[in-house]
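As structure tokens, the structure follows; a few thoughts come after it.
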Amino acid sequence: MQRAGYWIVIGLWLAACGKEESAPPPLTAPSTAETEPLFPVENMMRGAQLYQEQCAQCHGPEAQGHPDWENPAIVAAPPLNGTGNAWKKKKSELIAIIRNGASRNGMPVMPAWKGRLTEQDMEDIVIWFQALWPPEVYDDWREANAAPVAPQGLSALAGLAR
Ligand code: HEC
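Per the working numbering, the sequence shown starts with residue 124, numbered consecutively.
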């Protein structure tokens, strides 16, 4: 009698297992990554154009920077494509540099865009050059900044672009 009970328990257990195994995977709502556009295309297109008009002559058409940007003896625009230091800055800091320009030893080396570009223009330019960042760079940046404003999926695009 005791033994039969034992087998019944095992049987039920096996039945339960089998049931679990054959059950279809739980249905979940598609994640936003699947339903939303991967990146804000319109902003990026605007940003790309503005960048080519205003920034490319110094930072390079691919945002690759001047080849000698690391040479402290000369003033040369750094890359914005994720191979320089731009990714170490918060978005607000990047925008602030664009807005206010940059100087070294009191000498302006990058013009200020305040009044010539709108805040939206500057934002779109950042969206564009962030799309060039390698996925791991973008992920590091996002982690470091815990930036809820970060555009979704740009790293995926950067991955595709490579
Ligand atoms: C006249 C050349 C010139 C133009 C035009 C120019 N920049 Fe720069 N930019 C520089 C230089 C030089 C630096 C480095 C400044 C420094 O060393 O402090 C720089 C730095 C930056 C940085 C900080 C990068 C970092 O690694 O921290 C950003 C962001 C930036 N520029 C964006 C832009 C954008 C966007 C535009 C166009 C709207 C633009 N720049 C136009 C010369 C230029």
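Even glycine gets a Cβ: it sits at the ideal position worked out from N, Cα and C.
Check residue i in the structure and name its three-state DSSP category.
| i | result |
| --- | --- |
| Pro258 | helix |
| Val232 | strand |
| Leu173 | helix |
| Lys85 | With the chain represented from 124 up to 285, any question about residue 85 goes unanswered, as that position is not in the structure. |
| Ala269 | coil |
By Cβ distance, which residues of its chain are closer than 8 Å to residue i, with the 5 residues on each side in sequence left out?
| i | result |
| --- | --- |
| Asn268 | Lys213 and Lys214 |
| Glu185 | Asn204 and Leu255 |
How about residue i and residue j: do their beta carbons lie closer than 9 Å?
| i | j | result |
| --- | --- | --- |
| Glu189 | Ala199 | It is His, not Glu, that sits at residue 189 in the sequence shown. Their beta carbons are under 9 Å apart, which means His189 touches Ala199 by this criterion. |
| Gln175 | Trp236 | no |
| Trp264 | Trp256 | yes |
| Asp114 | Gly183 | The question about residue 114 has no answer here: the residues shown for the chain are numbered 124 through 285. |
| Asn208 | Pro201 | yes |
Pick out whichever of the options has its Cα sitting closest to the Cα of residue i.
| i | options | result |
| --- | --- | --- |
| Asn166 | Gly183, Asp247 and Leu173 | Asp247 |
| Pro231 | Glu242, Ile221 and Gly238 | Ile221 |
| Arg239 | Thr206, Gly224, Gly229 and Glu266 | Gly224 |
| Glu216 | Leu173, Ala254 and Val249 | Val249 |
| Met233 | Thr241, Glu242 and Ala219 | Ala219 |
| Met168 | Gln187, Gln253 and Arg227 | Gln253 |
Would you kindly report the start and end of the unbroken beta strand (DSSP E) that includes residue i?
| i | result |
| --- | --- |
| Arg227 | Ala225 to Arg227 |
In its own chain, which residues sit with a C-beta less than 6 Å from the C-beta of residue i, not counting the 5 before and 5 after it?
| i | result |
| --- | --- |
| Val260 | Gly205 and Trp210 |
| Cys181 | Ala200 |
Hey, quick one: how far does the alpha helix (DSSP H) through residue i stretch, first residue to last?
| i | result |
| --- | --- |
| Ile250 | Glu242 to Gln253 |
| Ala179 | Ala179 to His182 |
What does a CB cutoff of less than 7 Å around residue i pick up in its chain, not counting 5 residues either side in sequence?
| i | result |
| --- | --- |
| Arg227 | Val198 |
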